[in-house]
Amino acid sequence: MTRVIVAGAGPVGLTAALALSRHGLDVTVLEAGPDLAAESRASTFHPPTLEMLAELGVVDEVLARGLTAPTFAYRDRAAGHIATLNLAVLAQDTAYPYRVQLEQSKLTPILREHLARRGVQIRFDSRVTGASSDETGVGVHVADGSAVRGDWLVAADGAHSAVRRALQTPFEGITYPERFLVASTSEELTGWLDGLAAVNYVFDPVDWSVLLRTPDHWRVLLPTPDDSPDEAELARLDGRLRQIHDPGRPWQVAHASIYRVHQRVAASFRVGRVLLAGDAAHVNNPLGGLGMNSGIHDAIAYADALAAGDPDTATAQAADRRRRVALEFTQAVSHRNYERLSATDPAARAAHLDQLRATAADPARTRAYLLRACMIESLRPVTP
Ligand SMILES: Cc1cc2nc3c(=O)[nH]c(=O)nc-3n(C[C@H](O)[C@H](O)[C@H](O)COP(=O)(O)OP(=O)(O)OC[C@H]3O[C@@H](n4cnc5c(N)ncnc54)[C@H](O)[C@@H]3O)c2cc1C
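Counting in the working numbering, the final residue of the sequence shown is number 387, and the numbers go up one at a time with none missing.
The following block contains the structure:
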C-alpha cells in the first residue's frame, strides 16, 4: 500500500491526511507541537471548501459549530454602508451558497476525530527537520533522531516550513509595509453599525479594517505601523476601536495580536516526491479569507493525485496547477483586496465604491463577482 507521510497537523495537513486515508492510502502524520494549535487565525470557509469538507464527511459538524454567513458587506469608514452581496445568487453553482464562519482551531479537532475513527493517529512532538527524496521514496528526519520512510511526503508544516527550507526551495514575494492587528471583542457590533453582515470590509486610506463575526466573538482587523512597538500599538487600540464606534467606555477586548503579513509563493510545489501544501507553499494577506481555503484545496488536489493510477504524472500536474492558482488567483485577488481597501486616491476609491453598488444591484454582476471572490472560479478547468 502506498505510504504517505504528512508533515504538520494544521487544517491543511489534517485535510490531506483524511482525504488520503479515505482513498485507502496508508498515512502517517508528524506534528511538531504537543497538541493541535489553539490559535484562532483563519475563520472563513468558502463554498468550494464546504463542498470538499462534505466529500470528506465532516461538513455537518462544521455547519453545526459555525455561523452561516449568506452575505458579506462593504463599508466606507466615512460614508458607512456601501453594498451587501448576497451569495444566494450562487445557488446554481454550489450546494453551499454561503460562507461559514468558524475558527480553524475548531476544524482541526473535527478532522482529528474522523482520522482517529479510521485508525490514523497524529504523532505529536515530532518536529520534521529535513527530508530527502529519491526514485523509490522519501526519507523524513524527525527532531527526536528518528527517521520515517514513505513513498511520498505532503509538507503542510506552515509558513516557516522546515521541509521547504531543507529542499532549498525559494519562497519569493513581498512583505507588506505595515503589520496587521487582529482584536477579538465580546462587544456586539450589530447594534452599533447599520447594515452589518458577518463579514465586512471597510475602506479607508489610513484606517481600513475588516469586521468579522465568529461564533464566539467579533474580530476587528486593522493595519498597524511596522516601526512602532507592540505595547504602544496595543495601548492605542481602544482609541482606534472607539473611532469605529464609541460606546462611551472602553471596548471589551478578549485578545489582540499583531503579525507581519507576506505574499509569497514557493518556486515549485513538487520537489521529487515531496509536495508542498498550504502555507508551506504559499502565503497571502488575510483579506478575502483565501489562505486556509486554498491550502485545503491543495490538500484535496494532492490526495486525489496520489490516489490516481499514475501518481507521478498526476502529482506533477496537480502541483503545477495549484502553483498557478496561487499566483494567478490567490495572490492576485488578496493583493487587489488590499489595494482597494487602502486606496488613497479619492477618485479611484469613489469609482470602486460605485462599482460595488452597481454590482450589488445586479444579480448577474453579483454572481460574476462572487464566483471569483468565493473561489469557485479558481477551481474551474483552465486553458493550458
Ligand atoms: C491572524 C491570521 C488570520 C488569518 N485569517 C484567515 C482567514 O480569515 N481565512 C483564511 O483562509 N486564512 C486566514 N489566515 C491564514 C491561515 O491561518 C493559514 O493559511 C492556515 O493556517 C494554513 O494552514 P496550514 O495547515 O498550511 O498551516 P498551519 O495552520 O500553520 O499549520 C502548520 C502545522 O504544522 C506544524 N509544524 C510546523 N513546523 C513543523 C515541522 N517542522 N514538523 C512538523 N510539524 C510542523 C505546526 O505546529 C502546525 O500545526 C490567517 C492567518 C493569520 C495569521
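Don't be surprised by glycine CBs; every beta carbon is placed ideally from N, CA and C. Because the structure is a prediction, the values reported are computed rather than measured.
- According to DSSP, Trp155 shares a beta bridge with Val7.
- With a cutoff of 7 Å, Ala41 does not count as near ligand 1, since its C-beta is closer than that to no heavy atom of the ligand.
- In this structure, Asp160 has its CB closer than 7 Å to one or more heavy atoms of ligand 1.
- Taking each of Asp282, Ile303 and Leu110 in turn and checking the Cα distance to Gly294, the smallest one comes out for Asp282.
- Counting the other CB atoms within 10 Å of its CB gives Ala35 a total of 16 or more, which places it among the buried residues.
- Asn296 sits in a helix when the DSSP states are folded into three classes.
- For the 8 Å CB-CB criterion, Gly11 and Thr111 do not form a contact.
- The Cβ neighbour count for Tyr262, taken over all protein chains shown within 10 Å, is under 16; the residue is labelled exposed.
- The closest heavy atom of ligand 1 lies 7 Å or more from the beta carbon of Ser136.
- In this structure, Gly69 is the residue among Gly69, Arg152, His49 and Leu39 with its C-alpha nearest to the C-alpha of Thr217.
- Runs of the alpha helix (DSSP H) lying entirely within the segment 265-318 and spanning at least 4 residues, in chain order: 294-309.
- Around the CB of Leu17, 16 or more other CB atoms lie within 10 Å, so the residue is classed as buried.
- As summarised for the segment 162-239, the continuous beta strand (DSSP E) elements at least 3 residues long and confined to that stretch are 174-178, 182-188, 202-206, 212-216 and 221-227, given in chain order.
- Under the three-state reduction of DSSP output, Tyr262 falls in the strand class.
- Around the beta carbon of Ala119, a 10 Å sphere encloses fewer than 16 other beta carbons of the protein chains shown; the residue is thus reported as exposed.
- For Gln104, the enclosing beta strand (DSSP E) starts and ends at Arg102 to Gln104.
- Each residue's CA atom was taken as its position, placing Asp147 and Leu93 some 49 Å apart.
- Around the CB of Val202, 16 or more other CB atoms lie within 10 Å, so the residue is classed as buried.
- Under the three-state reduction of DSSP, Val256 is assigned to strand.
- Annotated three-state conformation of Ser129 is coil, per DSSP.
- Here the C-alpha atom of Arg102 lies approximately 28 Å from the C-alpha atom of Ala269.
- In the DSSP assignment, Arg25 is bridged to no other residue.
- If the five residues before and after Pro253 are omitted, its C-beta is found closer than 6 Å to the C-beta atoms of Asp241, all from its own chain and listed in chain order.
- Looking at the DSSP output, Gly83 bridges to Asp79.
- In this structure, DSSP gives Thr139 a state outside helix and strand, which the three-state scheme calls coil.
- Relative to ligand 1, even the nearest heavy atom lies 7 Å or more away from the CB of Leu170.
- Within a 10 Å sphere around the beta-carbon of Gln255 sit fewer than 16 other beta-carbons, which makes this residue exposed.
- Look at Val30 here: in three-state DSSP terms it is strand.
- Distances from the CB of Arg130 to the heavy atoms of ligand 1 include at least one below 7 Å.
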